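Visitor: Just add 890 to wherever you are in the sequence shown, counting from 1, and you've got the working numbering.
All C-beta atoms in this analysis are idealised placements derived from N, C-alpha and C, irrespective of residue type, glycine included.
Since the structure is predicted, the reported quantities are computational estimates derived from the model, not experimental observations.
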Amino acid sequence: MELQITAKNIELTPTVRQLIENKLGKLGRHLPDILEYKVEIAREKTRAANQHFVVQLTIDSHGTLLRGAERGEDLPTAIDKVAAVINRQIERYKGKLYEKGKGSSLARDELKEEAPPMGKVVKVKRLAVKPMSAAEAIDQMELLGHALFLFFNAESEELNLLYRRHDGNYGLIEPEMG
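1) When DSSP labels each residue in this structure, what does N912 get in the three-state scheme?
2) Quick one: Cα of M1031 to Cα of Q946, how far?
3) Just checking, does the stretch 933 to 942 make contact with the stretch 904 to 913 on the three C-beta pairs under 8 angstroms criterion?
4) Can you say whether E1045 is buried or exposed, counting buried as having 16 or more other CB atoms within 10 angstroms of its CB?
5) If we require 4 or more residues per run, which alpha helix (DSSP H) segments fall completely within the stretch 1005 to 1031?
6) Less than 6 angstroms between C-beta atoms, sequence neighbours within five positions excluded: which residues of the same chain meet that for L1021?
7) Can you list, in chain order, the residues of its chain whose CB lies under 7 angstroms from that of A1027, leaving out five sequence neighbours each side?
8) Using only alpha-carbon positions, find the residue among A1025, D950, R933 that is nearest to L1062.
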């Protein structure tokens, strides 16, 4: 297991590192095949006193990424909050694995009581993609009135996903093989 901690506007002391390692060690008990933890901690100047510290945590478990970000009035509070978020994601992920038949029947029955109902694929669409620039993809997406648009990027020669952000701008997802 690899642990990467990045700090912004805050000193990464041995005490802080130990606190993070203790919390992450508890998460490792629930999902033992974690390859990497990426922790980003930051202190921000905000008006709300209970949101000065931000902790983002990304876990890589053999290609499955779990990510959470939380704020708190102090660093231990923010770390506790993000650990709780990731713990819920781990439980949901494990529930999906058990639902697919990868777990014992006893564990599967126990998780069915706690796991929320799962959705399923109810429709499959085939899409002909043609090479275009990101600007052309934005135009096409707006013409269709969609919030997402999959296209073959002529510049990078890869499939890209374009999406409309809440602030009115656009985001572009360029996949990487992991």
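Guide: By the coordinates alone:
1) Position 22 of the sequence shown holds residue 912. In the structure shown, N912 sits in a helix (DSSP, three-state: H, G or I).
2) Looking up residue 1031 in the sequence shown gives position 141. Looking up residue 946 in the sequence shown gives position 56. For M1031 and Q946, the distance between alpha carbons rounds to 31 angstroms.
3) no
4) In the sequence shown, counting from the first residue as 1, residue 1045 sits at position 155. So E1045 counts as exposed.
5) none
6) For the purposes of this step, residue 1021 is taken as the residue at position 131 of the sequence shown. One detail in the question is off: residue 1021 reads as Pro in this sequence, not Leu. Cβ neighbours of P1021 beyond the five flanking positions: F1042, A1044.
7) As a working mapping, residue 1027 is identified with position 137 in the sequence shown. Here the set comprises F1039, F1041, L1052.
8) As a first step, residue 1062 is located in the sequence shown; it is residue number 172 there, counting from the start. Among A1025, D950, R933, the Cα nearest to that of L1062 is on A1025.
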